[in-house]
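S.K.: Residues 21 to 767 (the working numbering) are what the sequence shown spells out, left to right. Got a structure for you, written out below as structure tokens; questions coming shortly.
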Amino acid sequence: MSPSNLASVAVGRPVRGEFTYVVPDGLSGRLSPGQRILVPFGRSMSLGFFLGPAAPPPEGESVKLKPIMKVLEDSPSLPPDLIALLRFAAEHYRYPLGEVIKSALPPGLTKAEEEKEAKPDVQEFAVALVAEAPAVLRRAPAQSAALAYLLAVGGRAPIEEVAHAIPGARETLRKLVERGFVRIDEEVIAPGVKEGLAQGRPEKLTPEQAAAVLELHAAVDAGGFQPFLLHGVTGSGKTEVYLRAVERNLERGKGSLILVPEIALTPQLVGRFRSRFGADVAVLHSALKDRERLFHWQALRKGTVRIAVGVRSAVFAPVENLGLVVVDEEHDPSFKQEDKLRYQARDLAVVRAKQAGAVVVLGSATPSLETLENTRRGRYRKLELKNRVDDRPMPTIELVDLRQERPREPLVQEEAPILSAPLLDAMAETIGRGQQVILFLNRRGHSTFLICEVCGTSVKCSDCDVCLTYHRSQNRLVCHYCGVAHPVPEHCRECTGPLLKMGIGTERVEAEVAERIPQARVARLDRDSASSAERLTEMLASFARREIDVLVGTQMVAKGHDFPGVTLVCVVMADTSLAIPDFRASERTFHLLTQVAGRAGRGKDPGRVLVQTYNPEADPVKRVLTHDFEGFSERELERRKVLAWPPYTRMAAIRLEGESAEQTASVARFLGDFIGRNMPPASWGVRLLGPAIAPISRIRGRTRWQLLLKAPTHAALAPLLARLEAKLVDIPSAVRVTIDVDPAAML
Ligand SMILES: Nc1ncnc2c1ncn2[C@@H]1O[C@H](COP(=O)(O)OP(=O)(O)OP(=O)(O)O)[C@@H](O)[C@H]1O
Ligand SMILES: [Zn+2]
21 MSPSNLASVA
31 VGRPVRGEFT
41 YVVPDGLSGR
51 LSPGQRILVP
61 FGRSMSLGFF
71 LGPAAPPPEG
81 ESVKLKPIMK
91 VLEDSPSLPP
101 DLIALLRFAA
111 EHYRYPLGEV
121 IKSALPPGLT
131 KAEEEKEAKP
141 DVQEFAVALV
151 AEAPAVLRRA
161 PAQSAALAYL
171 LAVGGRAPIE
181 EVAHAIPGAR
191 ETLRKLVERG
201 FVRIDEEVIA
211 PGVKEGLAQG
221 RPEKLTPEQA
231 AAVLELHAAV
241 DAGGFQPFLL
251 HGVTGSGKTE
261 VYLRAVERNL
271 ERGKGSLILV
281 PEIALTPQLV
291 GRFRSRFGAD
301 VAVLHSALKD
311 RERLFHWQAL
321 RKGTVRIAVG
331 VRSAVFAPVE
341 NLGLVVVDEE
351 HDPSFKQEDK
361 LRYQARDLAV
371 VRAKQAGAVV
381 VLGSATPSLE
391 TLENTRRGRY
401 RKLELKNRVD
411 DRPMPTIELV
421 DLRQERPREP
431 LVQEEAPILS
441 APLLDAMAET
451 IGRGQQVILF
461 LNRRGHSTFL
471 ICEVCGTSVK
481 CSDCDVCLTY
491 HRSQNRLVCH
501 YCGVAHPVPE
511 HCRECTGPLL
521 KMGIGTERVE
531 AEVAERIPQA
541 RVARLDRDSA
551 SSAERLTEML
561 ASFARREIDV
571 LVGTQMVAKG
581 HDFPGVTLVC
591 VVMADTSLAI
601 PDFRASERTF
611 HLLTQVAGRA
621 GRGKDPGRVL
631 VQTYNPEADP
641 VKRVLTHDFE
651 GFSERELERR
661 KVLAWPPYTR
671 MAAIRLEGES
681 AEQTASVARF
691 LGDFIGRNMP
701 PASWGVRLLG
711 PAIAPISRIR
721 GRTRWQLLLK
731 APTHAALAPL
741 LARLEAKLVD
751 IPSAVRVTID
761 VDPAAML
């Protein structure tokens, strides 16, 4: 067997490694890497991916190799740089390569079927061919009405719209076509793409923007891998810097990839890209239909569309001839996928840029400590925007000490008001001036727990080890982990004592605003109120149109919004994210506070921020007051170093979940022993923490355990993780074990 007739193949099944197949004579000229193929696997046929030639099996080993059966597409689904990235992801995150590839591909390419071309959407327009209703229509009132509508809206409208306005208009329009008064046009539109909010190209860049753009242009012109951190304060115009870099990259005939945290929350950014580059932009988000996803994939693959803007999973978009990668809000936790292939899209974006020889820009007002450390070590070049555009001032930030503002409330009081006098005054004043307010609280629901006045027992979810949250609008207790809603009990289950509603959520804040400032138009933005992407877009648009005075919400309101009318931002309680048992709690708090504060004063009027807290001395809270990102990160990095947390160590979490508490614990101990026996030499510095019961010990009735591994570098961890992954086949399937490399959440 000559090596040229052996193929390395990833099989679309949950199995580790690459497999060797024989290329039959008939296919030898037709194969190129990245193609989807059909291969025999076990006793059946399976989807496979041809990755390239394979080395012959070791001398003396007699293995019967099977042949590739069929090639499922002419041009490969996966471009070469993407194959390299997926191989890296499988290796780094300890996940089967075939499954990694399948999770990157759009549905429609993940089955063992030949590729079909996704059709674009066609929209039908009715076009009037006459300037006024002809006399012959006098006795046809339906047709007259349809034609009159069409003429009233300018002589041209989507059929759908006419039919919506005039029931039965589809049929009526057809009659008008027969009579020659109307014509139907078909227009091809890219599917799943709505018109964004248009915005012009600013004539002049700020000096800082100009300097950053100059550097990026030089890097794009030079070609090759170059990583940048674009650290720009909120409202400093980072988006415009991205746009100019993309522009230059496009002029050089190259493709760009832009990752954003959440499309529905960033309609403005998408709108700016669409209004600048029009149909050259594919927008990839989670609400796309299968056919739409396939359409964009094919368009990018063919190179007919050269810019992809998308969420986390778009890091795998098949952009042709990739020259530039941008990760906006690079600190955002949504870039980490928390199930199946647990990848960090920001990290993969950098890997991809390196493999493709592209420029990569990580942008944020609050860069992650990981990225900051890379910059300090000289791996990334730092570009800084220290000022807002048009010399607008940063908002002033003041603390409201809840210990003094609410001293009279006894500790146990049901529904004690939470909005202090300074907050209420500032809000009323702002609304009085016709300006807008954002109220931020990182908790949904009405009251965050029900507690027994007599014995102090709180009401917990029977399946998860967490308190239930009271939602007044549904009059239900909801578990935020499993989502199950329970009726509200009348008495404490332990002692039949009366139950008090304690803790606050956005729902209650909304009610309190409505009660205390009745003239305000209040709306709430969280996962309950904005359950669909459409609803979310509509609420944001309505706020932008200034139909809402006060927007109450969770971290959804803290993202990159640009509402010039907002001059007051209130943080209802800064402490909610501080107490979480996670070494990133401080960082997360600082980011959230800085980001939400950054929504104030982005228009011509200056902004003001009020932060209510019980912990005015806490470092992230204090530092936010003076916009002291440097000071905060300096201190936090020092602390991480002392405690040996990332970015000074690399971690992996081994998580276990099982129906039976005993069996789960025993598997956890078994894995602990296994790791102990396979520990690399002490000089490698690998440490095992645990096995320990997880901080949230049960979710959906399943017991959870975890083991944490820490090491100075990923390379020190890798061999151990590989051995561990191989061992998992021996674990009883009743206990689910997952390996989470570079974990984000510690719960
Ligand atoms: N050179 C410029 N001249 C005038 N206006 C500009 C210029 N550059 C950007 N802007 C405008 O400034 C506003 C803020 O820009 P942008 O939203 O990009 O800020 P940002 O740095 O991304 O902020 P954040 O981190 O808070 O999301 C936008 O409305 C944008 O159109
Ligand atoms: Zn639950």
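Virtual Cβ for every residue (Gly too), placed ideally from N, Cα, C. The structure displayed is predicted, hence computed values, not measured ones.
With DSSP as the reference, label Phe-201 as helix, strand or coil.
M.R.: Coil at Phe-201, not helix or strand.
S.K.: Less than 6 Å between C-beta atoms, sequence neighbours within five positions excluded: which residues of the same chain meet that for Asp-762?
M.R.: Result list for Asp-762: Gln-364, in chain order.
S.K.: Where in the segment 106-135 do unbroken runs of the alpha helix (DSSP H), each at least 4 residues long, occur, reported from the N-terminal end onward?
M.R.: Correct list: 117-124.
S.K.: Could you tell me the distance, in whole angstroms, from the CA atom of Ala-284 to the CA atom of Lys-131?
M.R.: If I take the Cα positions, the gap works out to 29 Å.
S.K.: Any chance the CB of Lys-624 is under 8 Å from a heavy atom of ligand 4?
M.R.: Among the ligands modelled here, namely ligand 1 and ligand 2, ligand 4 does not occur.
S.K.: Please name the residue in Phe-315, Gly-298, Phe-297 whose C-alpha comes closest to that of Leu-304.
M.R.: Comparing Cα positions, the closest option is Phe-315.
S.K.: Within the continuous alpha helix (DSSP H) that includes Phe-583, where are the two ends?
M.R.: Looking at the DSSP string, Phe-583 is not in any alpha helix (DSSP H), and its letter there is neither H nor E.
S.K.: Classify Arg-221 as helix, strand or coil using the three-state DSSP reduction.
M.R.: The answer is coil: DSSP assigns Arg-221 none of H, G, I, E or B.
S.K.: In this structure, how does DSSP classify Asp-693 when only helix, strand and coil are distinguished?
M.R.: The answer is helix: DSSP assigns Asp-693 an H, G or I state.
S.K.: Contact defined as beta carbons within less than 8 Å: I believe Val-420 pairs with Val-631. What is the distance between those atoms, to the nearest angstrom?
M.R.: The Cβ separation is near 7 Å, so the contact holds.
S.K.: For my contact list, Glu-260 and Leu-289 are in at a C-beta cut-off of 8 Å; report their separation, rounded to the angstrom.
M.R.: About 11 Å; that fails the 8 Å criterion.
S.K.: So, do the segment 334-351 and the segment 379-392 have three or more beta carbon pairs nearer to each other than 8 Å?
M.R.: Taking 8 Å as the limit for Cβ pairs, the verdict is that the segment 379-392 does touch the segment 334-351.
S.K.: What's the C-alpha gap between Lys-122 and Gly-128?
M.R.: One C-alpha to the other measures close to 10 Å.
S.K.: Give me the Cα-Cα distance between Val-508 and Tyr-490, rounded to the nearest whole angstrom.
M.R.: Distance between the alpha carbons of Val-508 and Tyr-490: 8 Å.
S.K.: Using the DSSP secondary-structure output, state which residues sit across from Lys-356 in a beta bridge.
M.R.: Beta-bridge pairing links Lys-356 to Gln-364.
S.K.: Taking 6 Å as the limit between beta carbons, can you name the residues of its chain near Leu-236, skipping five residues before and five after?
M.R.: Closer than 6 Å at Cβ, skipping near neighbours: Ala-265.
S.K.: Which class does His-491 belong to by DSSP, given the choice of helix, strand or coil?
M.R.: Three-state DSSP puts His-491 in a strand.
S.K.: Residues bridged to Thr-723 by DSSP?
M.R.: Note: Thr-723 sits in a beta bridge opposite Gly-678, Arg-718.
S.K.: Provide the residue(s) that pair with Ser-97 in DSSP beta bridges, ordered along the chain.
M.R.: For Ser-97, which the question treats as bridged, DSSP gives no partner whatsoever.
S.K.: Specify, as a first and last residue, the run of the alpha helix (DSSP H) that Ile-186 falls within.
M.R.: From DSSP, Ile-186 is part of no alpha helix (DSSP H); its letter is neither H nor E.
S.K.: Please report how far the alpha carbon of Ile-438 lies from the alpha carbon of Gln-424, in whole angstroms.
M.R.: Whole-angstrom Cα-Cα distance: 13 Å.
S.K.: Please classify Met-699 as buried or exposed, where buried requires at least 16 neighbouring CB atoms within 10 angstroms.
M.R.: With fewer than 16 other Cβ atoms within 10 Å, it is exposed.
S.K.: On a Cα-Cα basis, can you pick out the residue from Val-182, Ile-471, Val-504, Val-280 that is closest to Arg-513?
M.R.: Ranking the options by Cα distance to Arg-513, first place goes to Ile-471.
S.K.: Mind checking Pro-538: buried by the 16 CB within 10 Å criterion, or exposed?
M.R.: Flag for Pro-538 reads exposed.
S.K.: For Lys-90, which residues from the same chain have a beta carbon less than 7 Å from its beta carbon, with the 5 sequence-adjacent residues on both sides left out?
M.R.: Around Lys-90: Ile-57, Leu-58.
S.K.: On a Cα-Cα basis, can you pick out the residue from His-734, Ser-562, Val-380 that is closest to Gly-705?
M.R.: Of the candidates His-734, Ser-562, Val-380, the one whose C-alpha sits nearest the C-alpha of Gly-705 is His-734.
S.K.: Counting beta carbon pairs with one atom in the segment 159-173 and one in the segment 338-346, are three or more of them shorter than 8 Å?
M.R.: Short answer: they don't touch.
S.K.: Please look up how many angstroms separate the CB atoms of Pro-281 and Ala-764, rounded, as I've assumed it's under 8 Å.
M.R.: That pair is no contact at about 13 Å.
S.K.: Check whether the Cβ of Val-409 lies closer than 8 Å to any heavy atom of ligand 1, and answer yes or no.
M.R.: It does: the Cβ of Val-409 is within 8 Å (strictly closer) of some heavy atom of ligand 1.
S.K.: So for Pro-666, helix, strand or coil by DSSP?
M.R.: Pro-666 falls in the coil class under three-state DSSP.
S.K.: Leu-102 to Arg-372, Cα distance in whole Å?
M.R.: Looking at the two C-alpha atoms, the distance is approximately 8 Å.
S.K.: Of all the options Phe-39, Pro-626, Gln-683, which has the alpha carbon lying nearest to the alpha carbon of Leu-85?
M.R.: Answer by Cα proximity: Phe-39.
S.K.: Are the beta-carbon atoms of Glu-358 and Pro-666 separated by less than 9 Å?
M.R.: Not a contact, by the Cβ cut-off of 9 Å.
S.K.: Closer than 8 Å to a non-hydrogen atom of ligand 1 - does that hold for the CB of Leu-225?
M.R.: Result yes, Cβ under 8 Å from ligand 1.
S.K.: Could you tell me the alpha carbon to alpha carbon distance between Leu-167 and Ile-204, rounded to whole angstroms?
M.R.: Roughly 13 Å separates the two Cα atoms.
S.K.: For Leu-171 and chain D, any beta-carbon pair shorter than 9 Å?
M.R.: Among the protein chains of the structure shown there is no chain D, as only one such chain exists.
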